[in-house]
Structure formats: structure tokens, C-alpha cells
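The sequence shown begins at 348 in my numbering and counts up one residue at a time. Here a beta-carbon is modelled for each residue, glycine too, at the ideal position from N, C-alpha and C. Have a look at the structure below, then the notes.
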Amino acid sequence: KLIDCRGGIMKALVLWSSRTGNTKAVGEAIYEALPCEKEIFESGRQPKDLSGYDLIYVGFWGYRQGADMPSRNVLSSLHGKKVAIYGTAGTYPNSPAAMSYLKSSSELLAKDNIFLGGFMSQGRVHSFHIGKRNEHAEKVHPMTPERLARLQEAEKHPNETDFKNAAAWALKMLEKASR
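What follows is the structure in C-alpha cells.
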């Protein structure tokens, strides 16, 4: 059944930016769950005119305590939209770091948007960040046993549970947007 919005069918746009495939996979799970008219694009490849979308999901991969640059560009360019933000990062999804990613990403939205909520999924980390660590990175984020355990756990994500959680979250955002 399609979701009705203001006497018409709601239309959603799902955007993703991905370095390892994590955020794309979560975005596809969100897209598949939506019982409305919908489209999905990689960030930067979406239509220029977004006036026909009632809800925009913006997906990012964690970069420097926030969203990656293509996602930052999208988030800061939106006006007058209902927006839901999702992301993937090597950190645990309910950790302070994950919440910081969502907070800094949502703060990029112009005041005329309505931020509906955020979702984080753990995801495998690009090998560059594990193998080619320079002296500065080692000082800022030393490879402690706890960090190594988190990165090893991240290799198992996103998984089917993460996709189901993303789909359930996406439906909640759709319900909020239709009010």
C-alpha cells in the first residue's frame, strides 16, 4: 500500500555516498522498504530539481567526525524539505562518536528544512584507515585493543540485522513525514 500524503502519493528520494559499499547497501535497504513512490541516486547524481520529493533520505559515510564531502554538499544545499539522515562508520552505532556524526551532519541543513531523525549503522572501514596509518593518526587514534576489536567487529557490518533496522527506521521517518 502506498503512503498517502496531503491527498496524493508521497514521493521519497534516497541518496547515498559510499566509499566501501556500506552506505550504498544501507540506502538500498531503505529504498526497498519504502511503500511510496521513490527514486534512489548516488549523491551528486540526483536531479537538480528536488521540488517533487516530499522526503529526502541522505546517506553518508563517516568522515572527520561528520559526513563525507558529497553528502555535506547535498545537505547544505537542501531547502524547504523533510530530511532524514543515515550514515555508516566503523564506530558502534549508538556510540557518542556515531551521535556526533549525525549531529554535525544535521547541523548542515538550512533552517527551512525539517530534520526528521537519523540512523547509524556500523560498517567495515576502508583498508587505508587500518593499514596505512601515519604517525599523526597513531597519536590521535592509537590502535588500542579496544579499537582493534571495534574495527574487527565493523568488518561484519552492515549485515541483515542492520538492513532490517534501517528499513524499520526509514518507515518511521516516512510516517513522521506524512503527518
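Sub-8 Å separation of residue i and residue j beta-carbons
i      : j      : result
Gly406 : Val373 : yes
Ala514 : Ala380 : yes
Tyr433 : Gly465 : yes
Thr370 : Thr435 : yes
Ser442 : Gly413 : no
Leu402 : Met357 : yes
Enclosing alpha helix (DSSP H) for residue i [first to last residue]
i      : result
Thr435 : Unbroken run through Thr435 is the beta strand (DSSP E), Lys429 to Ala436; no alpha helix (DSSP H).
Alpha carbon of residue i to alpha carbon of residue j, nearest angstrom
i      : j      : result
Lys348 : Ala445 : With a pLDDT of 49 at Lys348, under the threshold of 50, the modelled position of that residue is not reliable, and the figure given next carries that caveat. In a straight line, the C-alpha of Lys348 is about 33 Å away from that of Ala445.
Lys511 : Pro505 : 10 Å
Arg353 : Ala524 : At Arg353 the pLDDT is 47, less than 50, meaning the model places this residue with poor confidence and gives no usable figure here.
Leu498 : Gly391 : 29 Å
Ala457 : Ser423 : 6 Å
Lys428 : Gln469 : 27 Å
Glu493 : Glu500 : 11 Å
Asn420 : Tyr400 : 18 Å
Trp363 : Leu449 : 15 Å
Phe388 : Lys503 : 25 Å
Leu495 : Lys486 : 15 Å
Residue from the options whose Cα sits closest to the Cα of residue i
i      : options                           : result
Leu425 : Asn460, Arg411 and Leu449         : Asn460
Thr527 : Tyr378, Leu402 and Tyr410         : This structure leaves residue 527 out entirely; the chain is present only between 348 and 526.
Lys385 : Val361, Arg494 and Pro394         : Val361
Ala376 : Thr491, Ala517, Leu521 and Glu522 : Ala517
Beta strand (DSSP E) segment containing residue i, residue limits
i      : result
Ala359 : Lys358 to Trp363
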